[in-house]
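6 protein chains.
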Amino acid sequence: DFETALREVKPAFGAVTETLETYRANGIIPYGERFDHLQSTCRTLVEQVSKSSQTTLLTALLEGPPGTGKTALAATVGLGSQFPFVKVISADNMVGFSETAKSSHIAKVFDDAYRSPLSIIVLDDIERLLEFVAIGPRFSNTVLQTLLVLLKKVPPQQRRLLVIGTTSAASVMQDMGVSSAFNFVLHVPRLREPEIKSVLAAMKTFQPHEMEMAVASLLDSEVPIKRILLLVDMARQSVPEGYAIPIARWTQVIRDIDSS
Amino acid sequence: DFETALREVKPAFGAVTETLETYRANGIIPYGERFDHLQSTCRTLVEQVSKSSQTTLLTALLEGPPGTGKTALAATVGLGSQFPFVKVISADNMVGFSETAKSSHIAKVFDDAYRSPLSIIVLDDIERLLEFVAIGPRFSNTVLQTLLVLLKKVPPQQRRLLVIGTTSAASVMQDMGVSSAFNFVLHVPRLREPEIKSVLAAMKTFQPHEMEMAVASLLDSEVPIKRILLLVDMARQSVPEGYAIPIARWTQVIRDIDSS
Amino acid sequence: DFETALREVKPAFGAVTETLETYRANGIIPYGERFDHLQSTCRTLVEQVSKSSQTTLLTALLEGPPGTGKTALAATVGLGSQFPFVKVISADNMVGFSETAKSSHIAKVFDDAYRSPLSIIVLDDIERLLEFVAIGPRFSNTVLQTLLVLLKKVPPQQRRLLVIGTTSAASVMQDMGVSSAFNFVLHVPRLREPEIKSVLAAMKTFQPHEMEMAVASLLDSEVPIKRILLLVDMARQSVPEGYAIPIARWTQVIRDIDSS
Amino acid sequence: DFETALREVKPAFGAVTETLETYRANGIIPYGERFDHLQSTCRTLVEQVSKSSQTTLLTALLEGPPGTGKTALAATVGLGSQFPFVKVISADNMVGFSETAKSSHIAKVFDDAYRSPLSIIVLDDIERLLEFVAIGPRFSNTVLQTLLVLLKKVPPQQRRLLVIGTTSAASVMQDMGVSSAFNFVLHVPRLREPEIKSVLAAMKTFQPHEMEMAVASLLDSEVPIKRILLLVDMARQSVPEGYAIPIARWTQVIRDIDSS
Amino acid sequence: DFETALREVKPAFGAVTETLETYRANGIIPYGERFDHLQSTCRTLVEQVSKSSQTTLLTALLEGPPGTGKTALAATVGLGSQFPFVKVISADNMVGFSETAKSSHIAKVFDDAYRSPLSIIVLDDIERLLEFVAIGPRFSNTVLQTLLVLLKKVPPQQRRLLVIGTTSAASVMQDMGVSSAFNFVLHVPRLREPEIKSVLAAMKTFQPHEMEMAVASLLDSEVPIKRILLLVDMARQSVPEGYAIPIARWTQVIRDIDSS
Amino acid sequence: DFETALREVKPAFGAVTETLETYRANGIIPYGERFDHLQSTCRTLVEQVSKSSQTTLLTALLEGPPGTGKTALAATVGLGSQFPFVKVISADNMVGFSETAKSSHIAKVFDDAYRSPLSIIVLDDIERLLEFVAIGPRFSNTVLQTLLVLLKKVPPQQRRLLVIGTTSAASVMQDMGVSSAFNFVLHVPRLREPEIKSVLAAMKTFQPHEMEMAVASLLDSEVPIKRILLLVDMARQSVPEGYAIPIARWTQVIRDIDSS
Ligand SMILES: Nc1ncnc2c1ncn2[C@@H]1O[C@H](COP(=O)(O)OP(=O)(O)OP(=O)(O)O)[C@@H](O)[C@H]1O
Ligand SMILES: Nc1ncnc2c1ncn2[C@@H]1O[C@H](COP(=O)(O)OP(=O)(O)OP(=O)(O)O)[C@@H](O)[C@H]1O
Ligand SMILES: Nc1ncnc2c1ncn2[C@@H]1O[C@H](COP(=O)(O)OP(=O)(O)OP(=O)(O)O)[C@@H](O)[C@H]1O
Ligand SMILES: Nc1ncnc2c1ncn2[C@@H]1O[C@H](COP(=O)(O)OP(=O)(O)OP(=O)(O)O)[C@@H](O)[C@H]1O
Ligand SMILES: Nc1ncnc2c1ncn2[C@@H]1O[C@H](COP(=O)(O)OP(=O)(O)OP(=O)(O)O)[C@@H](O)[C@H]1O
Ligand SMILES: Nc1ncnc2c1ncn2[C@@H]1O[C@H](COP(=O)(O)OP(=O)(O)OP(=O)(O)O)[C@@H](O)[C@H]1O
Ligand SMILES: [Mg+2]
Ligand SMILES: [Mg+2]
Ligand SMILES: [Mg+2]
Ligand SMILES: [Mg+2]
Ligand SMILES: [Mg+2]
Ligand SMILES: [Mg+2]
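Chains as they are written, first to last, in the working numbering: chain A, 175 to 434; chain B, 175 to 434; chain C, 175 to 434; chain D, 175 to 434; chain E, 175 to 434; chain F, 175 to 434.
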């Protein structure tokens, strides 16, 4: 029953948490309302799957441009869920696997989840799991069909499962029928000016009076959070710890490297 | 002869019923005339196949948008038939199978059916059985050819078979020659306003005077029954049991999640 | 020599006849002149192949829409030929075969035929033998090439062979060079109004004064014979044996099922 | 040396002749100038390859519509050559072979030819050797590449080889680079009115005064010789031996069968 | 820890340096500002990866026309880095490898890098690693997916990695998602007139007053550095060592060979 | 060192020469300036590769219509080089090889070349090595990638290599990136009128006053040298040795065979 089941999967708990943390290596900076709303929606899903008498399977797809923090968000949901089974399925751990091996690895994780009363599975970077490439296009139909089936397979009695997918290829997912196989699709955006300022402020990157200029120096009006963090880190290189980045250094980094 | 044959397949009966029930997990809500007509047409087919002196094989395809209740309807027909052999062929049970393994599993189920005097086979989600994906498009021609042949193969003497297929990809089925391999094609629709009200009323979701507004809040004018049930379930989450869903909660759920 | 050869293949005769009969399960209703002409042309071919001093291989393709009775006609020719070797090559008996296995099964039947002084081979539903599907399109080139070669291979001395093919995909056969590999192509048509009446009259389906109306109720002006027989059988279900079908019942069956 | 080599391949001679004869089952009817010219050109090639001090490999492609007598002509050239090694490479003898098996069979025949001082190889129906089909198009590139190489490979010292190909797919051969791999391409035509008359006269088919009408009854103005012979044979069926075919019988055969 | 790790990989150091040198066989001629800027940007990346507290993986793609010195530049960065692990992954060393063997070789090099505290991996000529050809187009998706995953895989704790890719097929890399998998893309240009003069001057190829004419003789206004070096070498062939190349000899080489 | 290396590969010398001769079976007729220029350019390359201190790998592609003498020219360069290692890689010797076997055979020849101080490798008829066919198009990417890598791989220290490719498919080579993988591309032309006369004169084919007319009889204004030699040989067949070809005989050969 429930108790035994819980105990059965618990040993893996510690290790899993550790791994989840690596998926948000640079921490989470709550950059504004749009982020808060995303997080609260995810929390609602966690609650529903753990409590509803009808719904025992919920599936949500996080889609957005590269580097917008989809994986970090999914990991955060997993960490906050307190579910006994939380697992990320990522291409990282399947380098060199054949299509069949990938499919059976994925099916295995779902099977493991069905043994825990409450589970979260993160399907990270689905286009990568599918070995997708736009030229052709090519992808593993074996893996795709496995996902399409598993995304709809109701867990056995007394088992509840939340699946969170992440993707940077929303339109491909649409064409493949992956999007419509999920119950919900949530958009994770690039940051706009005020949100960028929040991040830079939180990181104490610039002197307050230079903030305006720093944001204006960026080449695009919307920037993925990962890119902001990388640029800041590069600019900081020649700056002594604790000091703000001089605006000249910042614009040089952008010109040298981001413009290419 | 008949008696012996009946006995031969009977042991499987109980177990099969149990499985069939899982395909209509949230019960059947008779939402109006269109549903009644669908059900009665299906019942006619069951009768003909069991009694006609000429027709010993009948095949019907249920096609309609995702979540409109095709599988639940097919399962209901199977349960109501009282036939000694009723079996669902679903991709669920074939995750990781090769094309050939799928084909031979399918052929095996037909062979088993040929041993029972009266049988129903449900080919659930045919596009999934075929591993269909619109990009390419790709699919298993091995499985397709197996279906095309079996859909036309007359059962041996004294054996009668009803095949019910379900699909959300009507035009693909047309192009592949699957639709025309079935004797009949029946359309399972999304629910219109009055039908949605029937469902919400049957579930006692809203206070009567708020019903009009609740339906108006939906984003599409036609909604699959599965989607309605899911939204209701989400909205109910924060509502104490037995209480109606406040209209504000309902619109919030729709805005947060269904609009993405 | 001839006598020994005849004896050699004869044992298979009885069994073969039995099988041939199953390909015209609902009997043959001579629906009019067009059918008579088709049958007499086929009989001419049978005669030529059995008597000509020059022609020892004749090949004819029966093409027409689904359900127009091509297979039944081919089986009828086989049954009427009195040839010691008559065999139907059908996808039915090759479910799950690999392309190579199909090819070699087909080649085997031709080899067997070459051992009989007089043979008929029916290549039933050639598009199915070829595992053809319009999407792609895809088909087994291995099987196709086998057919193209065998259709032109002159039997050994003293052996005579008539090959009858059937297909619902005339234009595909053209594109693949199958049609032009046959000596002749014969068209098997859908039935027109007077022919439909012949069939309904022969089956005593309606009261004479309702016949006109019954035909007018059909949705298409030309209908395959197999479809007519199916609709009649459905309509008859609720009618006591020996009675005519009331016109109301007939139109209901058509509306409920044939219009979908 | 030459003598020994000659003796080495001679035993195969008798058998080979026998086979060659089967490729012109209905004999050769010299239907007019165009045929004579074709034959004399071929004879020139035979002479050149057997005598020239420079040219030890000659290759010619006979192309023309189906049934125009390409294979029969090639066989006739082989029979008239008196070469110790004459071999037909035909798809007939390779039913069920894999691409590789076909290629190596072909290479084997060339190897055998290289052992004879004077050889002719007939590559019959090259599109069939290549398993060509227009849909796709598909064909065996393995076999194609083998042919392209062998068609240009100069025989070893003291060995001479004439290769004659036949094909009904001239434009395909062009696209594949097969035509340009041959030294020469010769066109084998359908017969025109006077040529058709020659054939019918030679066969004593009609009474002289009916000849004009007989030719006029044909549906096409140009007809392959094989088709003429088949139609005559069919028409003759009901006519007592030695008698001319009545014109009515002739037109009936054409209407019944050739018009379909 | 760090020390042990360093020692662990050090033995390979000497050998590696030797190999790196072969990738810039004709030395490095600093042809002007654009080259200096490229080099200094690369040095910044080396520094950041070795010092940043946040960034432990940096990836940069050098793209430019054939022969512009991309590989030589990457090798130079490696040689100047003083990192204990510097390795070039090149198709050269994988001739005849299967796709899978290539993938696993690549993965192996990354694994080795993860064992060194500081590493540089050069992915040389990525289109060649991918077996790319524009007709089709065709490429190894297995290798591509391996690269896409490894380019994003964060090294284990305490490990730092700089990946430098080179390619002449910028737009292909874009289409395949390779460019966007790199953090930065740097353009390596063909040389313009003043830069060509720098190179010719550095090599003491022409007499100063003939320099202008020498450059004017070139067929294109922008020339890859490798091409310049090759033309000079050809022209020098008939010139005694230490002497300048006569302009007539120079223009002859260009006309004879470069114009074809 | 050099001496030992030389001795090591020398034994193969005699045999190789013999083979090279077979690639120019009908000798070399220096038909004019364009041929002389081609030959002298090739000789320059031979010299550069054997003497330059910088260039140890040179690659040149001879491209031109079929039969223009590309292979004969490459063989002539090899024979004139006096290099200890000269080898032709030709599809002739790889009939029936798998793609992998071809690739590894090619790689093997390059490996052998790397063991000789001075080598020439002729890649004959590259489209045939690649199993290229325009329909599709199809080709062996395995072989292509092997060539693309080997064409750029610098030989080991103290080793020098000249690679000469031949092809009749210049535009295909362009599309595949083969042309640009070679250092130089040289065009081998069809012969124009004065060049044709040179050849006919050198062969003493016609009486001087008939030469003009003989050339005028040709169907094309530019003719490959191989074709000229073949036509002459055919025309000579019926002419006693030592006599000139009568112009009538010449025009007949052209009409009979070259016009088809
Ligand atoms: N509010 C935030 N939301 C998400 N990530 C954040 C946030 N604040 C900081 N981060 C950091 O930003 C980075 C986001 O990268 P992440 O890999 O999650 O993006 P991604 O959208 O999954 O990228 P990709 O498309 O490459 O998979 C992480 O390092 C994370 O620690
Ligand atoms: N009248 C009804 N008809 C069908 N299903 C109903 C009805 N009333 C309630 N339901 C419930 O609605 C759900 C319909 O889902 P079902 O899986 O059958 O739809 P589907 O059309 O097969 O979806 P999919 O396209 O995803 O296969 C089931 O949970 C079923 O219990
Ligand atoms: N005159 C007739 N000609 C042919 N079939 C007839 C005739 N009269 C009655 N029938 C019945 O009609 C049915 C024709 O079906 P049949 O399978 O032969 O059609 P088909 O054209 O082969 O169909 P498909 O395209 O599906 O292969 C058979 O059951 C046969 O017994
Ligand atoms: N003058 C002739 N030339 C060729 N065939 C002739 C001639 N006279 C009679 N025939 C007969 O005509 C038939 C020609 O058939 P053949 O198979 O050679 O034609 P084909 O062009 O090879 O046909 P396919 O395109 O089907 O391969 C043979 O039976 C041959 O005996
Ligand atoms: N400033 C320079 N930058 C780069 N290479 C230089 C420079 N000066 C001289 N070289 C020489 O120029 C050659 C550049 O060739 P390299 O193979 O690096 O070019 P590439 O762009 O990688 O070519 P490919 O596109 O074929 O891979 C090398 O031999 C190198 O030694
Ligand atoms: N000047 C010449 N240059 C080249 N070949 C010549 C010359 N003079 C005579 N020949 C002869 O012409 C023939 C040229 O044929 P070769 O096979 O070399 O042409 P190719 O261009 O390689 O043809 P393909 O495109 O079929 O490979 C050879 O037999 C050669 O001996
Ligand atoms: Mg991610
Ligand atoms: Mg369903
Ligand atoms: Mg049929
Ligand atoms: Mg033929
Ligand atoms: Mg390079
Ligand atoms: Mg050549």
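All C-beta atoms in this analysis are idealised placements derived from N, C-alpha and C, irrespective of residue type, glycine included.
N- and C-terminal bounds of the beta strand (DSSP E) containing residue i
i                : result
Lys261 (chain B) : 259-263
Glu237 (chain F) : 231-237
Leu292 (chain C) : 292-297
Assigned exposure category for residue i - 16 Cβ within 10 Å defines buried
i                : result
Ala265 (chain A) : buried
Glu305 (chain B) : buried
Gln332 (chain C) : exposed
Residue-level contact to chain C via CB, residue i, 7 Å cutoff
i                : result
Ile309 (chain D) : yes
Met350 (chain B) : yes
Phe358 (chain B) : yes
Test: residue i CB closer than 7 Å to a CB of chain A
i                : result
Gln222 (chain E) : yes
Met408 (chain B) : yes
Thr425 (chain E) : no
Ala422 (chain E) : no
Cutoff 7 Å: residue i Cβ touching any chain F Cβ
i                : result
Leu403 (chain D) : no
Arg334 (chain E) : no
Ala248 (chain D) : no
Asp285 (chain E) : no
Gln411 (chain D) : no
N- and C-terminal bounds of the alpha helix (DSSP H) containing residue i
i                : result
Gly254 (chain E) : 244-255
Ala422 (chain B) : 421-427
His279 (chain C) : 273-288
Asn267 (chain F) : Looking at the DSSP string, Asn267 (chain F) is not in any alpha helix (DSSP H), and its letter there is neither H nor E.
Met387 (chain F) : 385-391
Arg333 (chain E) : Counting along the chain, Arg333 (chain E) falls outside any alpha helix (DSSP H), and DSSP gives it neither H nor E.
Thr320 (chain F) : 315-324
Within-7 Å CB hit, residue i to chain D
i                : result
Ala281 (chain F) : no
Note to self: Which complete alpha helix (DSSP H) runs does the region 335-370 of chain E hold, if anything under 4 residues is left out?
What the structure shows: 344-349
Considering only heavy atoms of ligand 11 and the C-beta of each residue, which residues fall inside 7 Å, strictly closer? E:Lys244, E:Thr245, E:Asp298, E:Asp299, E:Thr340
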